[in-house]
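This report concerns only the one structure given below.
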Amino acid sequence: MAEEIPSTDLITLTRHVLHDQLRLGAAATGDLTLLLTAIQVTSKFIATNVRKARLINLVGLAGETNIQGEEQKKLDILSNDIMVNALRASGRTAVLVSEELEEAIFIEEKNKGKYCVVFDPLDGSSNIDAGVNIGTIFGIYKIRDGSKGTLEDVLRPGSEMVAAGYTMYGSSANLVLSTGSGVNGYTLDASLGEFILTHPNVNSPFLNVVCQLKFRLQIQIPPRGKIYSFNEGNSMYFNPPVVSYLKSIKFPAPPKTPYSARYIGSMVADVHRTLLYGGIFGYPDDKKSKSGKLRLLYEAFPMAFLTEQAGGIATTGTKRILDIVPTGIHERCPVFLGSKEDVQDLMKCYEGN
Ligand code: P6P
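Following this note's numbering, the residues of the sequence shown are numbered contiguously, the last one being 357.
Pasting the structure below:
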């Protein structure tokens with residue numbers, strides 16, 4: 005078998021984002037490029053610590069609890085500190101919101117920039133000890149014209165975000181990013197210390213030909229899938245529209261066949277699979293959790309932004325998630341997202357009820 009010839013034309017995340025900036029011409033100041041570069045560095049740093057966790061005894065509880073009342077793992081705290089320090093040092097941020105911090109951070113004048121970053125530094129952390137894929141989720145707003153950076157700059161609909169993404173830490177580190185013109189995926193080549201484009205967006209003409217030749221993978225969610233991803237452990241609390249939808253895909257009338265169930269319990273991993281394979285991910289509101297469990301600002305909004313950019317739908321069941329106006333930085337909301345036709349089927353169950 006001929007030895008695979010290494011590519012001599014690697015498209016790194018830095019190169020790709022710079023190309024995006026150049027595409028925007030004079031309108032782009034390069035600030036978003038620098039901010040995304042800082043986020044890229046945090047992903048590499050966190051990936052290193054997640055990978056080493058077992059060896060340097062980072063696994064296990066840190067003995068503290070976060071705003072959500074959840075026991076914090078040592079990696080949670082470390083990842084949060086890595087993100088806060090790098091984002092502040094970038095000089096491109098004005099407001100930071102973290103799942104791990106009760107209050108927002110307002111960056112001091114000398115380090116202040118024009119972007120707000122909302123993030124969950126290590127989502128799915130309850131799975132750390134089991135070696136399950138976990139991840140960092142982030143969304144980026146540009147501060148409003150004339151603003152100095154206040155809470156109102158992040159209490160805005162997700163549709164006003166300028167970028168969103170996540171980094172999933174598993175057998176490799178995968179960074180999935182959208183700056184509003186499709187979704188691209190990058191895989192960390194640890195030997196180079198670079199995220200390499202591996203999942204190009206078909207909407208990008210510049211990359212389309214090059215990447216179509218090199219990579220078969222693209223992040224365009226299929227219009228319909230065959231996988232559903234709900235925590236059915238909460239079934240006794242589900243509301244009637246969800247019960248009726250799940251019944252329709254688990255006990256379909258012939259000749260239709262049942263969907264497959266896949267649920268990891270780590271949002272980044274479940275959403276990543278949904279973006280690539282299609283189907284539907286759901287964390288409903290129910291009789292036990294009236295607003296659901298997932299946080300609006302730094303989980304639902306970024307994942308909804310990516311889903312829509314990949315051609316899918318993200319809804320609470322009755323409302324487009326990106327249209328919600330947050331009233332608090334740790335607000336929760338119901339989440340259903342995935343393939344357009346699958347999510348439309350679910351929405352019909354809400355209309356019917
Ligand atoms: P449950 C992880 O704690 C998380 O915030 C998301 O990553 C995940 O989708 C959800 O909670 C899992 O919740 O109730 O199934 O354990």
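Virtual Cβ for every residue (Gly too), placed ideally from N, Cα, C.
Keep in mind the model is a prediction, meaning the values are calculated, not measured.
Around the C-beta of residue i, are 16 or more other C-beta atoms found within 10 angstroms, so that it is buried, or is it exposed?
{"i": "VAL347", "result": "buried"}
{"i": "SER372", "result": "In the structure as shown, the chain begins at 5 and stops at 357. Residue 372 is therefore absent and cannot be evaluated."}
{"i": "TYR170", "result": "buried"}
{"i": "MET351", "result": "buried"}
{"i": "GLU312", "result": "buried"}
{"i": "GLY186", "result": "buried"}
{"i": "MET87", "result": "buried"}
{"i": "LEU341", "result": "buried"}
{"i": "TYR4", "result": "Absent from the model: residue 4. The displayed extent of the chain is 5 to 357, so no value can be given."}
{"i": "ARG220", "result": "Unreliable placement is indicated for ARG220, whose pLDDT of 36 sits below 50; the coordinate value is still reported in the next sentence. That one is exposed."}
{"i": "GLY135", "result": "exposed"}
{"i": "CYS215", "result": "Note that CYS215 scores 48 on pLDDT, short of 50, meaning its location in the model is unreliable; the coordinates nonetheless yield the value given after this. The residue is buried, with at least 16 neighbouring Cβ atoms inside 10 Å."}
{"i": "GLY307", "result": "Here residue 307 is Met; the residue named in the question, Gly, does not match the sequence. That one is buried."}
{"i": "GLY117", "result": "buried"}
{"i": "PRO338", "result": "buried"}
{"i": "THR37", "result": "buried"}
{"i": "GLU103", "result": "buried"}
{"i": "ASP289", "result": "buried"}
{"i": "GLU303", "result": "buried"}
{"i": "ASP85", "result": "exposed"}
In this structure, does DSSP put residue i in helix, strand or coil?
{"i": "LEU14", "result": "coil"}
{"i": "GLY143", "result": "strand"}
{"i": "THR46", "result": "helix"}
{"i": "ASN89", "result": "helix"}
{"i": "ASN115", "result": "helix"}
{"i": "VAL136", "result": "coil"}
{"i": "TYR190", "result": "strand"}
{"i": "GLU198", "result": "strand"}
{"i": "HIS334", "result": "coil"}
{"i": "TYR421", "result": "Outside the displayed range of the chain (5 to 357) lies residue 421, so it cannot be described from this structure."}
{"i": "THR37", "result": "helix"}
{"i": "ASP327", "result": "helix"}
{"i": "SER175", "result": "coil"}
{"i": "PHE255", "result": "coil"}
{"i": "SER233", "result": "strand"}
Which one of the options has the shortest CA to CA distance from residue i?
{"i": "PRO204", "options": "LEU192, LEU181, GLU198 and PRO226", "result": "LEU181"}
{"i": "TYR253", "options": "SER270, PHE123, ILE231 and SER239", "result": "Per the sequence presented here, residue 253 reads as Ile, with Tyr not at that position. Residue ILE231 is the option with its Cα nearest to ILE253."}
{"i": "CYS353", "options": "THR154, LYS251 and CYS337", "result": "LYS251"}
{"i": "ASP349", "options": "ASP327, GLY316 and ILE333", "result": "GLY316"}
{"i": "ILE71", "options": "ARG299, SER94 and VAL21", "result": "ARG299"}
{"i": "LYS294", "options": "ARG336, GLY197, LEU39 and SER151", "result": "ARG336"}
{"i": "GLU106", "options": "LEU159, LEU192 and GLY73", "result": "GLY73"}
{"i": "GLN44", "options": "LYS291, LEU17, ALA57 and GLN25", "result": "LEU17"}
{"i": "ARG228", "options": "TYR263, ASP124, ALA98 and THR41", "result": "TYR263"}
{"i": "SER94", "options": "VAL121, SER129, SER102 and LEU79", "result": "VAL121"}
{"i": "PHE123", "options": "GLU112, TYR145, ASN188 and LYS114", "result": "TYR145"}
For the putative contact between residue i and residue j, defined by C-beta atoms under 8 angstroms, what is the C-beta separation to the nearest angstrom?
{"i": "LEU310", "j": "ALA167", "result": "Contact flag wrong, Cβ pair sits at about 10 angstroms."}
{"i": "ASN131", "j": "GLY269", "result": "6 angstroms"}
{"i": "GLY139", "j": "MET172", "result": "4 angstroms"}
{"i": "VAL54", "j": "ILE333", "result": "That belief does not hold up - the Cβ atoms of VAL54 and ILE333 are roughly 25 angstroms apart, past 8 angstroms."}
{"i": "GLY283", "j": "SER343", "result": "6 angstroms"}
{"i": "GLY321", "j": "PRO256", "result": "Contact flag wrong, Cβ pair sits at about 20 angstroms."}
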